Amino acid sequence: MEVYGIIFKSVYPLFFLILFGFLLARINFIKEEVQGIFTKFAYWIALPVLIFDKVSKANFNFQASVKVLFVVLGLTALQALILFIILKKWKVLRPDQIASGVQGGCRGNLAFISLPILIFLVEQANHATDIIDVLLLVFAPTVMFYNLSFVPLLIAYSRTTVKTSLKDICYSLISNPLLISCALGLFWGSFSASKEDWLVIDVANKYLGGLAFPMALLGLGCQMFRIKVGPYIKASISFSLCKVILLPLIGLIVSRFIGLDKWEQIVVVLLLGSPTAVASYVIADQLQAGEELAAGIVVISTAIGLISIPIFLQFIL
């Protein structure tokens, strides 16, 4: 019962905020332009401030982080490759839908789902915060992998005649506020001077960073209301199951096989088993590459994740 209580308090408040945002959008209390402000503020200011604060104060365990990174990137790449080969052979989807499905079946919502769940889980369990540092160290290369792997795939099979160049992809990476905040946090944390001397910055980080998850999750709920699932329900369910069930299950098995402890296993499961990021739909929509399928995967994987994530955590803890 105690373990279930920890998981309940860590996971369901996040999904409640997503549902609350969905309902507020449904009754038109949060209009689309307000939703855009929420999401923009969370993505460009609040989340980067939170990540900067966490990274700058982190004591990184590089050995554990490398193992977790190996599992996460290795299995994500393997699943993407297998999905691509199978779908190309079966020819049940259009080429652009194949690209969209591969991305949707592998690209997780790390900043809005994985990170807050782990932070709240650590707080509820009174566990050492160094495990959050492991996730943060894995976060940046995983996001870079997503963009360098899946965006070119979408571009290659896009239905639009306007092609995005490699230069544009690289620019989107170096201008990503979450990656920039990781880099700045590492730089700031390398100073030997006492951080207590920078009280103003610390207080600003605390209050701005505290807005990150509420605004991000409410905005996410509003986005999900305005995403139209489309006609590809069966395909969306299949890719969603690959994302939030199959991938974390294999990750858990591999993690135990290589000797990761239970909190490192949790990091692996949260990174591999988080629902598909809304960014996958946004990018697919911009590039006209299976956007209807991408929309369905985002919504359905989030709904399944509401059940699957607590089950995985219950099993590990």
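All letters in the sequence shown, in the order written, are residues 1 to 317 by my numbering.
Built from N, CA and C at the ideal position, the CB exists for glycine as well.
In this text the structure is predicted, and so the values were computed from the model without any measurement.
Presumed contact (8 Å Cβ cut-off) between residue i and residue j, rounded CB distance
i: W263; j: S56; result: In fact, because the Cβ distance is near 22 Å, the residues do not count as touching under 8 Å.
i: P310; j: I7; result: 5 Å
i: L178; j: V143; result: 7 Å
i: F239; j: G21; result: In fact, because the Cβ distance is near 24 Å, the residues do not count as touching under 8 Å.
i: I132; j: I119; result: 6 Å
C-alpha gap between residue i and residue j, whole angstroms
i: L83; j: C222; result: 30 Å
i: V298; j: R107; result: 10 Å
i: A111; j: R94; result: 30 Å
i: L81; j: I237; result: 19 Å
i: F225; j: G101; result: 21 Å
i: S255; j: A64; result: 11 Å
i: I233; j: G273; result: 20 Å
i: L87; j: L208; result: 44 Å
i: M1; j: I316; result: Note that M1 scores 47 on pLDDT, short of 50, meaning its location in the model is unreliable; the coordinates nonetheless yield the value given after this. Taking the straight line joining both Cα atoms gives about 14 Å.
i: V282; j: P231; result: 18 Å
i: Y157; j: V72; result: 26 Å
i: T76; j: F312; result: 18 Å
i: N28; j: W90; result: 42 Å
i: K9; j: P214; result: 15 Å
i: D168; j: V151; result: 10 Å
i: T39; j: G210; result: 15 Å
Pair within 8 Å by beta-carbon distance, residue i and residue j
i: F52; j: S190; result: no
i: Q97; j: G219; result: no
i: A212; j: A42; result: yes
i: I155; j: V11; result: no
i: L153; j: A99; result: yes
i: N109; j: A294; result: no
i: N61; j: D130; result: yes
i: Q79; j: L247; result: yes
i: P275; j: G296; result: no
i: L173; j: N147; result: yes
Beta bridge counterpart(s) of residue i as assigned by DSSP
i: T276; result: G108
Interface flag, residue i vs chain D, CB-CB below 8 Å
i: K262; result: The structure shown contains no chain D; it holds only a single protein chain.
Problem set entry | contact_flag[the stretch 256-270, the stretch 62-72] where n(CB pairs < 8 Å) is 3 or more | Contact between the stretch 256-270 and the stretch 62-72 is present, because at least three Cβ pairs lie under 8 Å.
Exercise. Within the chosen definition, does the stretch 289-308 reach the stretch 123-142 through at least 3 CB pairs nearer than 8 Å?
Worked result: No, the stretch 289-308 does not touch the stretch 123-142.
Exercise. Contact between the stretch 241-249 and the stretch 41-52: three or more CB pairs below 8 Å?
Worked result: No, the stretch 241-249 does not touch the stretch 41-52.
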